[in-house]
Every structure is written in C-alpha cells, then in structure tokens.
Amino acid sequence: MPANDFGNKAISEISRYQVGNKHICRGGARLGIYFLKNGSAIRHSKVIYDRTGSSIATIKEKEINWEDIFAEASWFHWSGITPGISKEASRECLLACQAARKMNIKISCDLNYRSKLWKCGKEPCEVFPELLAHSNVILGDLATLYNMLGKEEIAPNYENCYSLNQYYKEIVKVCPNLEFLPTTLRYSESASHQKIGGVMYAKGNIIKSEVKEVFPVVDRLGTGDAFMAGIIYGLIENLDHQEVLDFAVAASLYKHTIAGDVNVASLEEVHAIMKGDLSALIKR
Numbered sequence: 001m002p003a004n005d006f007g008n009k010a011i012s013e014i015s016r017y018q019v020g021n022k023h024i025c026r027g028g029a030r031l032g033i034y035f036l037k038n039g040s041a042i043r044h045s046k047v048i049y050d051r052t053g054s055s056i057a058t059i060k061e062k063e064i065n066w067e068d069i070f071a072e073a074s075w076f077h078w079s080g081i082t083p084g085i086s087k088e089a090s091r092e093c094l095l096a097c098q099a100a101r102k103m104n105i106k107i108s109c110d111l112n113y114r115s116k117l118w119k120c121g122k123e124p125c126e127v128f129p130e131l132l133a134h135s136n137v138i139l140g141d142l143a144t145l146y147n148m149l150g151k152e153e154i155a156p157n158y159e160n161c162y163s164l165n166q167y168y169k170e171i172v173k174v175c176p177n178l179e180f181l182p183t184t185l186r187y188s189e190s191a192s193h194q195k196i197g198g199v200m201y202a203k204g205n206i207i208k209s210e211v212k213e214v215f216p217v218v219d220r221l222g223t224g225d226a227f228m229a230g231i232i233y234g235l236i237e238n239l240d241h242q243e244v245l246d247f248a249v250a251a252s253l254y255k256h257t258i259a260g261d262v263n264v265a266s267l268e269e270v271h272a273i274m275k276g277d278l279s280a281l282i283k284r
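Under full-length UniProt numbering, the first residue of the sequence shown is numbered 1, with each subsequent residue one higher.
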C-alpha cells in the first residue's frame with residue numbers, strides 16, 4: 001500500500017472487517033483504482049481501470065519475506081489479475097506460490113484473467129501454468145483454464161459429466177496438486193436478473209448445485225469473490241463437498257444484493273439461502 005492517506009484509508013477499511021494488516025508493506029506511488037458504470041436491464045455494466053504504476057505493480061524484489069509471513073498461515077490465495085499487471089507482480093506471485101508450496105500451505109487461485117490489465121511482458125499461457133501447478137484449488141471456467149494453460153479451445157457442456165471428467169483429467173496432468181476446481185454457472189436474463197449455480201471437481205468426483213435466481217441485482221461486482229470465499233470457508237471448516245459448493249453459491253447469491261466490494265453477510269444469512277429461504281420477509 002502507498003504510504004499516503006489513500007493507503008491509510010484502505011488499511012482502515014479492511015481492518016473494520018477484522019482482516020489482519022501487520023504484514024502490509026508501505027511503498028510505491030499510488031493505489032490502483034477502477035471506475036464502475038452499473039448496468040441495468042439490457043444495459044451492461046462497464047469497468048474502467050486506472051492501475052498503472054500502482055504499489056503492487058511496482059513491488060520490489062525481497063520487499064516481502066514470504067516465509068516469515070507463511071510461518072503464521074495455513075492458506076494462501078492469489079488472484080489471476082495479479083501476475084498480469086507487471087513483471088514485478090508476476091515475479092512476486094510466483095515467489096509466493098513457491099514459498100507456500102515449500103511450506104506445505106494450501107494454495108488457491110481465482111483465475112479472473114483481465115485482458116485490459118495484462119502488462120507483464122509475457123503471454124498468459126507463459127505465466128499461468130507454473131503458478132497453477134502449485135495450486136490446490138482453482139476457481140475458473142474450463143474454457144478459460146484450458147486457454148491459460150496453452151491448450152486447445154474447448155466449449156464444455158456442464159450438463160455432461162462424462163465430458164467434464166475428461167477435461168478435468170487433462171487439467172490434473174499439468175496441475176498435479178489440484179484437489180478442487182469449482183466453477184460458477186451464471187445464466188444472465190439481464191443485468192438486473194441473474195440465475196446462479198455451480199459445479200465442482202472434488203478429488204475425482206463431480207458435484208453440482210441447484211441453480212437459484214436473484215432479481216433485482218443490486219451489485220454484480222464481487223460476486224465471484226464471494227463464491228471463492230465460500231469455497232475457502234467450506235474447505236477450511238471441513239464441510240461435506242456438496243455443502244462447500246452450496247455454501248459458495250449461497251454466498252455469491254447474497255452478494256448480488258449488497259452494494260460495494262464486501263459481502264456483508266452473516267453465516268446465518270448464507271445458511272438460510274442454502275436451505276432455500278429466498279422469501280426476503282422481514283425478520284422480526
């Protein structure tokens with residue numbers, strides 16, 4: 001984070017949600033930002049990025065001692081955005097994954113590739129394979145994952161478990177540490193009306209969730225992060241694999257009703273959606 005008021009405010013914001021901040025490094029010139037034009041009905045949302053020269057993009061080698069940080073950790077999560085924003089960030093992401101693997105820490109990835117942010121000097125298929133090979137949990141759709149691994153183009157049918165299993169087998173060959181591969185299934189009626197479900201490869205098995213509706217949508221951004229957070233929570237809590245996926249789908253659904261980046265939801269509220277309580281009646 002930059003050592004200025006924007007950096008201070010960002011740290012203050014995450015602290016109010018009990019997220020630890022003692023390992024945050026202060027440096028760099030600025031905080032990366034983006035602007036969102038919210039869609040509605042048939043009008044799609046639009047994002048404008050302003051992240052050039054951000055602190056994370058200009059991170060210096062050895063500025064972070066990953067082994068010191070991971071001494072207190074059991075799980076490391078990286079975003080597919082990070083290795084693409086600069087060669088420095090790409091290097092640091094790989095160093096973090098290597099340190100986490102060496103220390104036998106679980107590694108998860110949200111493969112949220114953004115073409116407009118890819119500026120590391122290499123093609124995605126030159127960067128992602130080594131990073132993904134370290135990862136135990138990968139969130140992403142199969143077509144994108146195949147592309148990032150430099151494999152052929154595919155058009156997976158998520159209703160066909162046999163063909164899905166063939167794709168998963170190919171991925172495990174190049175991602176030997178992979179245990180779970182969840183995918184969000186989104187069916188967009190309009191920007192304001194979404195249907196959400198999920199499918200997950202789980203240690204050789206294929207698990208599917210029920211598809212549920214959310215209408216009207218308040219804010220779609222952050223719903224993938226909520227899904228990923230639900231997967232991580234469920235696995236850490238050792239939930240049944242079906243419950244892991246159902247919890248993630250419920251968390252994502254709930255985030256569609258919350259404005260802003262953070263899914264301000266209680267466990268009780270997410271569990272209620274898991275159980276099919278979509279009535280939205282006032283709780284008195």
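C-beta: ideal position from N, C-alpha, C; glycine also.
In this structure, DSSP gives Asp277 a state outside helix and strand, which the three-state scheme calls coil. Residue burial annotation: Phe70 is buried, with at least 16 other C-beta atoms found within 10 angstroms of its C-beta.
Residue pairing by DSSP leaves Arg51 without any beta bridge partner. Take the alpha-carbon of Tyr158 and the one of Ile42: they are about 26 Å apart. Taking 7 Å as the cut-off, the Cβ atoms of Ala251 and Gly230 count as close.
For Tyr201, the uninterrupted beta strand (DSSP E) run begins and ends at His193 to Ala202, by DSSP.
As a beta-bridge residue in DSSP terms, Tyr187 pairs with Lys195. Beta-bridge pairing by DSSP links His77 to Ser108. Annotation for Phe215: no beta strand (DSSP E) segment contains it, and DSSP assigns it neither H nor E.
With a contact defined as Cβ atoms closer than 8 Å, Leu142 and Tyr162 miss out at about 14 Å.
The alpha-carbon separation between Lys203 and Ala100 amounts to approximately 21 Å. Cys175 is positioned such that its CB atom lies closer than 7 Å to that of Ala133. Taking C-beta atoms as the reference points, Cys120 and Gly84 count as a pair closer than 7 Å. As for any alpha helix (DSSP H) of minimum length 4 sitting wholly inside the UniProt domain "Carbohydrate kinase PfkB" (217–252), the runs are 223–236, ordered along the chain.
Counting the other Cβ atoms within 10 Å of the Cβ of Lys46 gives fewer than 16, which makes it exposed.
Beta-bridge analysis with DSSP links Val137 to Ser108 and Phe180. Under the three-state reduction of DSSP, Ser40 is assigned to strand. The continuous stretches of alpha helix (DSSP H) do not include Lys208, which lies in the beta strand (DSSP E) extending over residues Asn205 to Lys208.
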